[in-house]
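J.:
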Amino acid sequence: MSILQDIYTDQYSPLEAQPKPPEKLRAEIYSLFEKIEAELGREFAERYWNCLCDEENFLNYASFREGFRLGVSLMTELL
539 MSILQDIYTD
549 QYSPLEAQPK
559 PPEKLRAEIY
569 SLFEKIEAEL
579 GREFAERYWN
589 CLCDEENFLN
599 YASFREGFRL
609 GVSLMTELL
């Protein structure tokens, strides 16, 4: 199967594992989330967290799309 078909069918995975944020940063994020949850309630904290996740997913997709566009542009220059 080609890489494009793998990407299209959601079968593609990068050769290298995605880097994980430093443990100190992760601990800081979860600590802050716990404070938000304590002050503003669990429901608000979860809605806020979900919005942050949606934003991150959008930015990741936009970056992927731009990278794909760049790759295609570079390949067409070779032709």
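First residue of the sequence shown: 539, per this note's numbering; consecutive thereafter.
We put the CB at the ideal spot given by N, CA and C, even for glycine.
Where N598 and K562 are concerned, what is the direct C-alpha to C-alpha distance, given to the nearest angstrom?
T.: Counting from 1 along the sequence shown, the entry for residue 598 is found at position 60. Counting from 1 along the sequence shown, the entry for residue 562 is found at position 24. Their backbone Cα atoms lie some 22 Å apart in a straight line.
J.: Taking Cβ positions only, does P557 come closer than 8 Å to chain D?
T.: Absent from the structure is chain D; it holds one protein chain and no more.
J.: Look at the alpha carbon of A557 and the alpha carbon of G579, and state the distance between them as a whole number of angstroms.
T.: Reading the sequence shown from its first residue, position 19 is the one you call residue 557. Reading the sequence shown from its first residue, position 41 is the one you call residue 579. Residue 557 is actually Pro in this sequence, not Ala. Rounded to whole angstroms, the gap between the alpha carbons of P557 and G579 is 32 Å.
J.: Can you tell which of E604, S569, A600 and F602 has its C-alpha closest to the C-alpha of W587?
T.: Residue 587 sits at position 49 when you count from the first residue of the sequence shown. Here the closest residue by C-alpha is S569.
J.: Rounding to the nearest angstrom, what Cα-Cα distance links T547 and F571 in this structure?
T.: Position 9 of the sequence shown holds residue 547. Position 33 of the sequence shown holds residue 571. Approximately 35 Å between the Cα atoms of the pair.
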